[in-house]
Amino acid sequence: LKTYAGIYLDDSGRKYLINPSEGFPHFVEMKSGETHMLRRNGSDTYEFSLTRNSWSAIGGVIAFDRKNSINRFCVTYAKRKQFCATLLQTSVTQLSLDLKYGLTISGEVIEPKEPRSDLVAVLLHGDGDNDRYDSYDVGMYLVSEGFSVFAYDKRNVGGSKGSEVKGEGYDEISRVYAA
23 LKTYAGIYLD DSGRKYLINP SEGFPHFVEM KSGETHMLRR NGSDTYEFSL
73 TRNSWSAIGG VIAFDRKNSI NRFCVTYAKR KQFCATLLQT SVTQLSLDLK
123 YGLTISGEVI EPKEPRSDLV AVLLHGDGDN DRYDSYDVGM YLVSEGFSVF
173 AYDKRNVGGS KGSEVKGEGY DEISRVYAA
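Dropping the structure here:
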């Protein structure tokens, strides 16, 4: 699903997000915030849940198509009309910073085709096994609005390496992250 990650625009300018997070892959209608879980049901097709946290009903199918190196998808809702959307063109640069003591920080800079400014938003993801895709929805929204984003995996998560940050409680751990 990572091949198809990003913000898509339909013919009327509505935005849709494909988030490939391994723990919670999902599809979001950006204006309404309506979120649907995704699961593969073919080589380039995924079905999506009717509701955010339940597979009790299928909402429809997303079929991806990659022509001329441009990602596109078409959605067929179980009870609604079909629509198609095209991937918003961005530039993604993979970064890997090798630091002292075997620490490697892995991340990516995502830039819109026409940036609004030189500012870059740095995205911090949640605790535990969450990786950079934990904050992907917010980051891609910012990119769709013309801002650049740097998203990275904290140490010992995703593509980053290094010893795990440990502490007795949330307050203690947050002080370590802040340092």
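Per my numbering, residue 23 is the first one in the sequence shown, and the count goes up by one each step. C-beta atoms are modelled at their ideal positions from N, C-alpha and C, and glycine is treated no differently.
Once the 5 residues before and after residue i are set aside, which same chain residues still bring their CB inside 7 Å of it?
{"i": "T112", "result": "G28, I132, E133, P134, K135, V165"}
{"i": "A201", "result": "Low per-residue confidence applies at A201: pLDDT is 41, beneath 50, and the placement is therefore not dependable enough to give any value."}
{"i": "G81", "result": "H58, F70, S71, L72, Y99, A100"}
{"i": "G180", "result": "S128, D153, R154"}
{"i": "S34", "result": "none"}
{"i": "G124", "result": "K183, G184"}
Grab me the residues of residue i's own chain with a C-beta within less than 8 Å of its C-beta, minus the 5 sequence neighbours each way, in chain order.
{"i": "R138", "result": "E167, G168, F169"}
{"i": "L23", "result": "I40, P42, P47, L60, R62, Y68"}
{"i": "M52", "result": "I29, R36, K37, Y38, L39, Y163, S166"}
{"i": "V142", "result": "V131, F169, S170, V171, F172"}
{"i": "N75", "result": "M59"}
Please report the Cβ distance between residue i and residue j, rounded to the nearest whole angstrom; I am assuming they are in contact, meaning their Cβ atoms lie under 8 Å.
{"i": "S182", "j": "K176", "result": "6 Å"}
{"i": "L110", "j": "L31", "result": "6 Å"}
Could you tell me which residues DSSP pairs with residue i in its beta bridges?
{"i": "G82", "result": "F70, Y99"}
{"i": "R61", "result": "E69"}
{"i": "N41", "result": "H48"}
Please return the same chain residues whose Cβ sits closer than 6 Å to the Cβ of residue i, not counting the five positions on each side in sequence.
{"i": "L119", "result": "I127"}
{"i": "V144", "result": "F172"}
{"i": "Y26", "result": "I40, F86, N93"}
{"i": "A79", "result": "L72"}
Touching or not, the region 37-56 and the region 155-165, by the rule of three or more beta carbon pairs under 8 Å?
-> yes
Secondary structure, alpha helix (DSSP H): runs of 4+ residues fully inside the region 91-177 | 158-166
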